[in-house]
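So the sequence shown is numbered by the working numbering: it starts at 73 and just counts up by one.
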Amino acid sequence: MEKLGKITDYTDLIEQTVTEETDAGAEKVSKVAATGYVVLLGAAFFLNLLVVVSIFGLMILAGLNII
C-alpha cells in the first residue's frame with residue numbers, strides 16, 4: 073500500500089510539473105506573438121506613411137511643373 077502512495081505522489085508531481093511547463097511555454101509564445109504583431113503593425117504603418125508622403129510629394133512636384 074505504501075508503494076501505491078509513492079506512485080500516486082510521483083504521478084501528481086509529474087502532472088504538476090507538466091502543467092507548469094506548459095503554462096510557461098504558452099505564456100512565452102503569446103508574448104512572442106504579441107511582439108511580432110506590434111512589429112508588423114509598425115512596419116505597415118511606416119510603409120503606408122511612406123506611400124502617402126511619396127504621393128503628396130509627386131503631386132506637389134507636378135503642381136510646380138517640375139515633373
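Backbone N, C-alpha and C fix where the C-beta goes; we use that ideal spot for every residue, glycine too.
None of these values were measured; they are calculated from a predicted model.
For this session: Give the secondary structure of asparagine 120 by DSSP, where H, G and I count as helix, E and B as strand, and everything else as coil.
Result: Residue 120 sits at position 48 when you count from the first residue of the sequence shown. It is helical.
For this session: Measure the alpha-carbon distance for leucine 85 versus threonine 94 and round it to whole angstroms.
Result: On the sequence shown, residue 85 is found 13 positions in, with the first residue counted as 1. On the sequence shown, residue 94 is found 22 positions in, with the first residue counted as 1. Rounded to whole angstroms, leucine 85 to threonine 94 spans 14 Å at the Cα level.
For this session: Output the distance between the C-alpha atoms of valine 111 and glycine 135, rounded to the nearest integer angstrom.
Result: If you number the sequence shown from 1, residue 111 lands on position 39. If you number the sequence shown from 1, residue 135 lands on position 63. Going by the C-alpha atoms only, they are around 36 Å apart.
For this session: Kindly indicate which three-state DSSP category isoleucine 138 falls into: helix, strand or coil?
Result: For the purposes of this step, residue 138 is taken as residue 66 along the sequence shown, with counting starting at 1. Three-state result, isoleucine 138: coil.
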